[in-house]
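**Q** Sending over a structure as structure tokens; questions will come in a sec.
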Amino acid sequence: MSKTGSTLAADELAADTVDPVNQDATEKSATEESVEEDGHDSTGPEVDSGRRMRRVRTAVLVVITVASVACATFFAWKAHEVRSVNAAAAEALSTAQEYAVTLTSVSPGELDSNFDAVLNGATGEFKEMYAQSSGELRQLLVDNNAQAEGTVVEAGVKSATTDRVEVLLFIDQTVTNSVVPEPRLDRSRVLMTLELVDGRWLASQVDLP
3 MSKTGSTLAA DELAADTVDP VNQDATEKSA TEESVEEDGH DSTGPEVDSG RRMRRVRTAV
63 LVVITVASVA CATFFAWKAH EVRSVNAAAA EALSTAQEYA VTLTSVSPGE LDSNFDAVLN
123 GATGEFKEMY AQSSGELRQL LVDNNAQAEG TVVEAGVKSA TTDRVEVLLF IDQTVTNSVV
183 PEPRLDRSRV LMTLELVDGR WLASQVDLP
């Protein structure tokens, strides 16, 4: 074999021989080119999905937190309102019971103080009506030497807000006068409306339903 032939054979053998290192580099480069051509990595959709799920969970937690705070605030406000109404009802009920005794109790020697006490606990329409009729009523009591003592048998709140309360009272009134000297028991049902005026519960209306 000639030298030229041997050289050609060696060249062909070298061309057919593949360097493993160069082969890996070549394959890696091809893969990178393929990724660049496709525009995304094979793990891209999974990463995006995970991010979306985290954003959704965060949004849900924010909504739940806001809703919880709103509910807590609402129920706290309602609880405060209920406590305020209950406190108003209790105060008005106590005042109505005391005022009913004042209203149904008179003594011949204490008519002025009796009338002053009634007017002091009244307001609005009822106060005006009582003031207008007090002169005539006083004269009637004096002429008949009348005396009365009232007792609240039972009382309860019919309706209530923080500044207006209706109280239903059952009253026994023992009455004596010059015509009927023996004590007579009168029983009545009274619906009293009280209003909060300058921090005081005052009777604005008194009815016999």
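Numbering (the working numbering), first residue to last: 3 to 211. Glycine residues also receive a C-beta, built at the ideal position from the N, C-alpha and C atoms.
#1: If leucine 193 and leucine 204 are in contact, beta carbons under 8 Å, what's the gap, nearest whole angstrom?
#2: For asparagine 147, is the classification buried or exposed, using 16 other Cβ atoms within 10 angstroms of its Cβ as the cut-off for buried?
#3: Quick one: residues in its chain with C-beta nearer than 6 Å to the C-beta of phenylalanine 128, no 5 flanking neighbours on either side, listed in chain order?
#4: Just verifying my parser: in three-state terms, what is the DSSP assignment at lysine 30?
#5: Roughly how many angstroms separate the alpha carbons of serine 86 and arginine 53, rounded to a whole number?
#6: Leaving out the 5 sequence neighbours to the left and right, which residues in its chain are closer than 6 Å to leucine 198 when beta-carbon positions are compared?
#7: Could you name the residues that DSSP lists as bridge partners for phenylalanine 172?
#8: Report the three-state DSSP secondary structure of valine 65 (helix, strand or coil).
#9: Span of the beta strand (DSSP E) holding aspartate 145?
#10: Rounding to the nearest angstrom, what Cα-Cα distance links glutamine 149 and serine 180 in this structure?
**A** The short version:
#1: Position 191 of the sequence shown holds residue 193. Position 202 of the sequence shown holds residue 204. Not a contact, Cβ separation roughly 16 Å.
#2: As a first step, residue 147 must be located in the sequence shown, where it is residue number 145. So asparagine 147 ends up on the exposed side.
#3: Taking the sequence shown and counting its residues from 1, the one referred to as residue 128 is at position 126. Within the same chain, phenylalanine 128 has close Cβ partners Ala205, Ser206, Gln207 and Val208.
#4: The sequence position of residue 30 within the sequence shown is 28, counting from 1. The pLDDT assigned to lysine 30 is 47, lower than 50, so where the model puts this residue is not dependable, and the model offers no usable value.
#5: What you label residue 86 is simply residue 84 of the sequence shown in a count that begins at 1. What you label residue 53 is simply residue 51 of the sequence shown in a count that begins at 1. So the two alpha carbons sit approximately 49 Å from each other.
#6: For the purposes of this step, residue 198 is taken as the residue at position 196 of the sequence shown. Hits under 6 Å: Asp165.
#7: The residue given as residue 172 occupies position 170 in the sequence shown. According to DSSP, residue pairing for phenylalanine 172 in a beta bridge involves Glu156 and Arg191.
#8: Residue 65 sits at position 63 when you count from the first residue of the sequence shown. In the structure shown, valine 65 sits in a helix (DSSP, three-state: H, G or I).
#9: Residue 145 sits at position 143 when you count from the first residue of the sequence shown. Not the beta strand (DSSP E): aspartate 145 falls in the alpha helix (DSSP H), residues 126 to 145.
#10: In the sequence shown, the residue the question calls residue 149 occupies position 147. In the sequence shown, the residue the question calls residue 180 occupies position 178. The alpha-carbon atoms of glutamine 149 and serine 180 are separated by roughly 10 Å.
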